[in-house]
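Below is one structure, written out as structure tokens; comments come after it.
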Amino acid sequence: MGVESHQNMPERRRVLLAKIGLDGHDRGIKVVARALRDAGMEVVYLGLHNTPEQIVASAIQEDADAIGLSIHSAAHMTLFKKIIDLLKKEKASDIPIFGGGIVPEEDISALKDMGVKNIFTPGTSMDEIVSFVNEMIMTSEV
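Numbers 1 to 142, taken from the UniProt record's numbering, label the letters of the sequence shown in order.
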């Protein structure tokens, strides 16, 4: 393929996924990582036990188009806020954030008000997650 053909191709989307805190349940995030990868996105998976500082630094270093967090502890309000605050501090608040895991329905609205784009709870289809992430990234690039 020539240079001109590459110039017309959309850039590959890069999504950083991470488990935050001490939570060790990682099956769900690995399934999401595979679905995003199979949809043509580049996935950077940080693995378990990350701090908010590590996640934000990695997202900036990797030039991530989005950050996805998996949380199965009761600390979702605190941890998402910390990441949003760090992104603002590092002038990287244009990186959209989404999450998944065990989050009470009443907290999802508060997280969205805080700036989290969406929270996916157990049972959400991979097609729905992939479509949302792709649309979220395209919208944030405009």
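By construction, the Cβ of each residue, glycine as well, lies at the ideal position given by its N, Cα and C atoms.
Keeping to the same chain, check which residues put their C-beta closer than 7 Å to that of Glu90; ignore five residues upstream and five downstream. Looking up residue 90 in the sequence shown gives position 90. Residues Val56, Ile60 of the same chain have their beta carbon placed closer than 7 Å to that of Glu90, with the five preceding and five following residues left out of the count.
Per-residue burial, Leu46 [other beta carbons within 10 Å of its own, 16 or more giving buried]: Start at 1 with the first residue of the sequence shown, and residue 46 comes out as number 46. Buried: at least 16 other Cβ atoms inside 10 Å.
Which class does Glu62 belong to by DSSP, given the choice of helix, strand or coil? On the sequence shown, position 62 is the one that residue 62 refers to. Note: Glu62 maps to coil in three-state DSSP.
Quick check: Phe80 and Met136, are their CB atoms within less than 8 Å of each other? Counted from its first residue, the sequence shown places residue 80 at position 80. Counted from its first residue, the sequence shown places residue 136 at position 136. No; because the gap between Cβ atoms is not below 8 Å, this pair is not in contact.
Beta bridge counterpart(s) of Val44 as assigned by DSSP: Looking up residue 44 in the sequence shown gives position 44. Looking at the DSSP output, Val44 bridges to Leu16.
List the whole-angstrom C-beta distance separating Lys19 from Asn50, where the pair is believed to meet the contact cut-off of C-beta under 8 Å. Within the sequence shown, numbered from 1, the residue matching residue 19 stands at position 19. Within the sequence shown, numbered from 1, the residue matching residue 50 stands at position 50. About 6 Å separates the two Cβ atoms, so the contact holds.
From Ile71, Asp107, Leu86, residue whose alpha carbon lies closest to that of Arg27: Counted from its first residue, the sequence shown places residue 27 at position 27. Ranking the options by Cα distance to Arg27, first place goes to Ile71.
With distances taken Cα to Cα, identify the nearest neighbour of Gly101 among Leu86, Lys117, Pro122, Ile83. Along the sequence shown, one-based indexing puts residue 101 at 101. Looking at the Cα atoms, Pro122 is the closest of the given residues.
Contacting residues, own chain, Cβ-Cβ under 8 Å from Val44 (five flanking each side not counted): Locating residue 44 in the sequence shown gives position 44, where the first residue counts as 1. Around Val44: Arg14, Val15, Leu16, Leu17, Ser58, Glu62, Ala64.
Please determine, among Leu111, Pro96, His25, the residue with the shortest C-alpha to C-alpha distance to Gly68. Here residue 68 is taken as the residue at index 68 of the sequence shown, counted from 1. Comparing Cα-Cα distances from Gly68 to each of Leu111, Pro96, His25, the minimum goes to Pro96.
In chain order, which beta strand (DSSP E) runs of at least 3 residues are fully inside the region 88-120? 97-101, 118-120
Within-8 Å CB hit, Lys30 to chain B: The displayed structure is made up of one protein chain only, and chain B is not part of it.
Member of Ile119, Ala66, Thr139, Pro52 whose CA lies at the smallest distance from the CA of Leu22: Taking the sequence shown and counting its residues from 1, the one referred to as residue 22 is at position 22. Minimum Cα distance to Leu22 is reached at Pro52.
Might you give, ordered along the chain, the residues of its own chain that have their beta carbon closer than 6 Å to the beta carbon of Ser73, omitting 5 neighbours on each side? On the sequence shown, residue 73 is found 73 positions in, with the first residue counted as 1. Taken in chain order, the residues that qualify are Gly21, Asp23.
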